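**Student:** Counting from 614, one number per residue, gives the positions in the sequence shown under the numbering used here.
Positions of the beta carbon are idealized from the N, C-alpha and C atoms, including for glycine.
These figures come from a predicted structure and were not determined experimentally.
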Amino acid sequence: MLKKTLLTLSFFSLLTVLVSFTFEKRQKAIRTIIIDAGHGGNDVGARGAYSNEKDICLAVESKLAELIRKEYPEIKLIRTRPTDDYVQLHTRADIANKNHGDLFISIHVNSAPAVQHKEFIGNKTVVTYVGKGKKKKKVTKQVPQYRYYTTPNPAKGTETYIWGAHKNEDKEVAMKENAPMLTEDNYKQNYGDIDPNSPEFVALSLLKTKQFFKRSATLAGMVEEQFTLAGRTSRGQKQRQVGIWVLQATAMPSILVETGYISDRTEEQYLNSQEGQDEIARCVTNALKSYITWLEKQQVSSDGQTQAPAVSSKETYSFLKAVEQEEQKRKALAK
Ligand SMILES: [Zn+2]
Numbered sequence: 614m615l616k617k618t619l620l621t622l623s624f625f626s627l628l629t630v631l632v633s634f635t636f637e638k639r640q641k642a643i644r645t646i647i648i649d650a651g652h653g654g655n656d657v658g659a660r661g662a663y664s665n666e667k668d669i670c671l672a673v674e675s676k677l678a679e680l681i682r683k684e685y686p687e688i689k690l691i692r693t694r695p696t697d698d699y700v701q702l703h704t705r706a707d708i709a710n711k712n713h714g715d716l717f718i719s720i721h722v723n724s725a726p727a728v729q730h731k732e733f734i735g736n737k738t739v740v741t742y743v744g745k746g747k748k749k750k751k752v753t754k755q756v757p758q759y760r761y762y763t764t765p766n767p768a769k770g771t772e773t774y775i776w777g778a779h780k781n782e783d784k785e786v787a788m789k790e791n792a793p794m795l796t797e798d799n800y801k802q803n804y805g806d807i808d809p810n811s812p813e814f815v816a817l818s819l820l821k822t823k824q825f826f827k828r829s830a831t832l833a834g835m836v837e838e839q840f841t842l843a844g845r846t847s848r849g850q851k852q853r854q855v856g857i858w859v860l861q862a863t864a865m866p867s868i869l870v871e872t873g874y875i876s877d878r879t880e881e882q883y884l885n886s887q888e889g890q891d892e893i894a895r896c897v898t899n900a901l902k903s904y905i906t907w908l909e910k911q912q913v914s915s916d917g918q919t920q921a922p923a924v925s926s927k928e929t930y931s932f933l934k935a936v937e938q939e940e941q942k943r944k945a946l947a948k
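1) May I ask you to report which of helix, strand or coil DSSP gives E892?
2) Considering A650, what are the terminal residues of the beta strand (DSSP E) in which it resides?
3) Where in the stretch 648 to 707 do unbroken runs of the alpha helix (DSSP H), each at least 4 residues long, occur, reported from the N-terminal end onward?
4) Mapping DSSP to helix, strand and coil, what is G714?
5) With respect to the beta strand (DSSP E) encompassing N736, which residues constitute its N-terminal and C-terminal limits?
6) Taking the alpha-carbon positions, what's the K689 to V728 distance?
7) Taking only heavy atoms of ligand 1 into account, decide whether any of them is closer than 7 Å to the Cβ of H713.
8) Taking E666 as the reference, which of E871, N736, V859 has the closest Cα?
9) Under 6 Å Cβ to Cβ from A843, same chain only, skipping five residues before and after it: list those, please.
10) Using DSSP bridges, identify the partner residues of L869.
11) Along the chain, where does the alpha helix (DSSP H) that runs through R878 open and close?
12) For I646 versus D697, is the C-beta spacing smaller than 8 Å?
13) Excluding the 5 residues preceding and the 5 following E880 in the sequence, name in chain order all residues of the same chain whose CB lies nearer than 7 Å to its CB.
14) Can you tell me whether K737 is buried or exposed? The criterion is at least 16 other CB atoms within 10 Å of its CB, across all chains shown.
15) Since K751 is in the beta strand (DSSP E), which residue starts that stretch and which ends it?
16) To the nearest whole angstrom, what separates the beta carbons of E837 and T771, a pair I think is in contact under 8 Å?
17) Within 8 Å, do at least three Cβ pairs link the stretch 699 to 709 to the stretch 649 to 658?
18) Taking 7 Å as the cut-off, is the CB of E666 close to at least one heavy atom of ligand 1?
19) Return the CA-CA distance between T919 and A894, expressed in angstroms with no decimal places.
20) What is the chain-ordered set of residues for which the beta carbon lies under 5 Å from any non-hydrogen atom of ligand 1?
21) Could you work out which residue in G658, N712, I669 is closest to T863 when comparing CA atoms only?
22) Helix, strand or coil: how does DSSP classify R848 here?
23) Taking only three categories from DSSP, how would you classify S829?
24) Enumerate in chain order the residues of its own chain whose CB-to-CB distance from Y759 is below 8 Å, with the five nearest sequence positions on each side excluded.
25) Please go through the same chain and pick out, in chain order, the residues whose beta-carbon is closer than 6 Å to the beta-carbon of V740, but skip the five residues on each side of it.
26) Hey, W776 and L832 are a contact pair by Cβ (cut 8 Å); roughly how many whole angstroms apart?
27) Between Q887 and A659, what straight-line distance do the alpha-carbon atoms span, to the nearest angstrom?
28) Give the DSSP bridge partners of Y874, in chain order.
29) Nearest-angstrom Cα distance between I905 and T763?
30) Could you tell me if the beta carbon of G661 falls within a distance shorter than 7 Å of some heavy atom in ligand 3?
31) State the Cα-Cα distance for the pair K683 and C670, rounded to the nearest angstrom.
32) Kindly indicate which three-state DSSP category A843 falls into: helix, strand or coil?
Take a look at the structure:
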C-alpha cells in the first residue's frame, strides 16, 4: 500500500515537473498574442452579395480568441477590436506594441472585382452624308456592336501576408517606399498622426525586417499549410512592401490572414457559416501550435542542446530561399 502510494506520489510529482516544464517553455516562447479583427464600425471592408467583411472578421476572430484561451490559458491574449467599432490602425499597432506582444495576427476577408467582358454581337449599318448640295454623297459604314457584361471573379482561397522584408537596410529606400502612404486620400484617417518618414518609424521597420521576418514567414507558411490540410484552396504566403501598414507598425512577428473571398458565392457562404468560421479558427490555432513548438525547438537549439529544426513546410522553405536569393542579388547590385 505504501509502495503504491509512493509510486502514485512520484508519478504525480513527475507529472507536475513535466507540466510545469512545458508551461515554462510555453511562457518563454510566447507570452502575449495580439489578435485583430479587420475593419469595423463604419469601415465595413469588402462587400459580398449579402454580407460585409467586418462581420466575418469579428466572428472568426472571436472564435479564434476562444480557442487560443482554451489551448493556452497561460498566454495573455489581447483583442484590438472585440466589438463592431472602428479602431484606427495606429491605435491597433499601439495596443500591440504597448503590450509587448510576441505575435500579431490580423483576420481579414479578400475580395476581387467582377470580371468585365466585351462581346462582339454584330455590325450595325450606319448611314452618313458627306459634302453639300449636288455633291452630297451617301456613305454607309459598318459599326461593330458589343455587349458589355460582368461575371463574378473566379478568385477564391486563402492568402497569408507578412510584411515584406524590405530588401533594404537602407533608410533612404525605406523612406521612399513609405512615401506613397502620405499621398493617400484617407491618410489621416488610416494612419493617424504617424509619420512614416519619421526616424522612429523607419527604425521600427528595419528592426522588424531583421528580427521578425523569418518568424512571420514561418507562421504564415504554417497557416497556409493548415488551410490546405482542411481542403481549402491555398494561394500561399505573400509579402507586401507597402500597403499593409499594421503589419509593419507592430514590433513583433505579424501575419495578416485573408480567410477567403467574399466575392465568390460559395466562399461567401462558407465564410458566413458557423462550420466555416470554426474551421478557419481551428486552422489558425493549429498553425499557432506548430509555431510555438517550432519556437521552443529553436530556443532549445540556441542553448546548444539540439539541432535547429527544419523550416516547417516545403513552401515556407522555398519562400525563404527565394527571399534570400533576392536579397543577395540586391546586395551584389549595390556593390
Ligand atoms: Zn480587409
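**Tutor:** Taking the geometry as given:
1) Here residue 892 refers to the residue found at position 279 of the sequence shown. Helix at E892.
2) Against the sequence shown, residue 650 aligns to sequence position 37. It spans 645 to 650 - the beta strand (DSSP E) in which A650 sits, taken as one unbroken run.
3) 666 to 684
4) As a first step, residue 714 must be located in the sequence shown, where it is residue number 101. Coil.
5) In the sequence shown, the residue the question calls residue 736 occupies position 123. Per DSSP, N736 belongs to the beta strand (DSSP E) from 728 to 743.
6) To locate residue 689, count along the sequence shown from 1; it is residue 76. To locate residue 728, count along the sequence shown from 1; it is residue 115. Between K689 and V728, the C-alpha separation is close to 44 Å.
7) Here residue 713 refers to the residue found at position 100 of the sequence shown. Checking the Cβ of H713 against ligand 1 gives no.
8) Here residue 666 refers to the residue found at position 53 of the sequence shown. Closest option to E666, Cα to Cα, is E871.
9) Mapped onto the sequence shown, residue 843 falls at position 230. Counting only Cβ-Cβ distances below 6 Å, and skipping sequence neighbours, we find E892, C896.
10) The count along the sequence shown starts at 1 and reaches residue 869 at position 256. Paired residues: S719, Y774.
11) What you label residue 878 is simply residue 265 of the sequence shown in a count that begins at 1. Residues 878 to 885.
12) Locating residue 646 in the sequence shown gives position 33, where the first residue counts as 1. Locating residue 697 in the sequence shown gives position 84, where the first residue counts as 1. Against a cut-off of 8 Å, the Cβ pair of D697 and I646 comes out as no contact.
13) For the purposes of this step, residue 880 is taken as residue 267 along the sequence shown, with counting starting at 1. Hits under 7 Å: K769, G873, Y874.
14) The residue you call residue 737 lines up with position 124 of the sequence shown. It is exposed - the Cβ of K737 has fewer than 16 other Cβ atoms within 10 Å.
15) As a first step, residue 751 must be located in the sequence shown, where it is residue number 138. Here the beta strand (DSSP E) through K751 covers 750 to 764.
16) Within the sequence shown, the letter at position 224 stands for residue 837. Within the sequence shown, the letter at position 158 stands for residue 771. Confirmed, Cβ separation roughly 7 Å.
17) yes
18) Here residue 666 is taken as the residue at index 53 of the sequence shown, counted from 1. It does: the Cβ of E666 is within 7 Å (strictly closer) of some heavy atom of ligand 1.
19) One-based indexing of the sequence shown puts residue 919 at position 306. One-based indexing of the sequence shown puts residue 894 at position 281. Residue confidence is low: T919 scores 40 on pLDDT, short of 50, so the model does not pin down where it sits. Its coordinate-derived value is still stated next. Their backbone Cα atoms lie some 32 Å apart in a straight line.
20) G651, G658, H721
21) Taking the first residue of the sequence shown as position 1, residue 863 is located at position 250. Of G658, N712, I669, the residue nearest in Cα terms is N712.
22) Within the sequence shown, numbered from 1, the residue matching residue 848 stands at position 235. In the structure shown, R848 sits in a strand (DSSP, three-state: E or B).
23) Locating residue 829 in the sequence shown gives position 216, counting from the first residue. Helix.
24) Position 146 of the sequence shown, counted from the first residue, corresponds to residue 759. Contacts found: K731, E732, F733, I734.
25) Taking the sequence shown and counting its residues from 1, the one referred to as residue 740 is at position 127. Here the set comprises T753.
26) Position 163 of the sequence shown, counting from 1, holds the residue named residue 776. Position 219 of the sequence shown, counting from 1, holds the residue named residue 832. In fact, because the Cβ distance is near 12 Å, the residues do not count as touching under 8 Å.
27) Numbered from its first residue, the sequence shown carries residue 887 at position 274. Numbered from its first residue, the sequence shown carries residue 659 at position 46. Taking the straight line joining both Cα atoms gives about 20 Å.
28) The residue labelled residue 874 in the question sits at position 261 within the sequence shown. DSSP, once it has assigned bridges, lists N723 as partnering Y874.
29) Residue mapping note: residue 905 aligns to position 292 of the sequence shown, counting from 1. Residue mapping note: residue 763 aligns to position 150 of the sequence shown, counting from 1. If I take the Cα positions, the gap works out to 45 Å.
30) For the structure depicted, ligand 3 is absent and the ligand set comprises only ligand 1.
31) As a first step, residue 683 must be located in the sequence shown, where it is residue number 70. As a first step, residue 670 must be located in the sequence shown, where it is residue number 57. Straight-line Cα distance between these residues: approximately 20 Å.
32) Position 230 of the sequence shown, counting from 1, holds the residue named residue 843. Coil, per DSSP.
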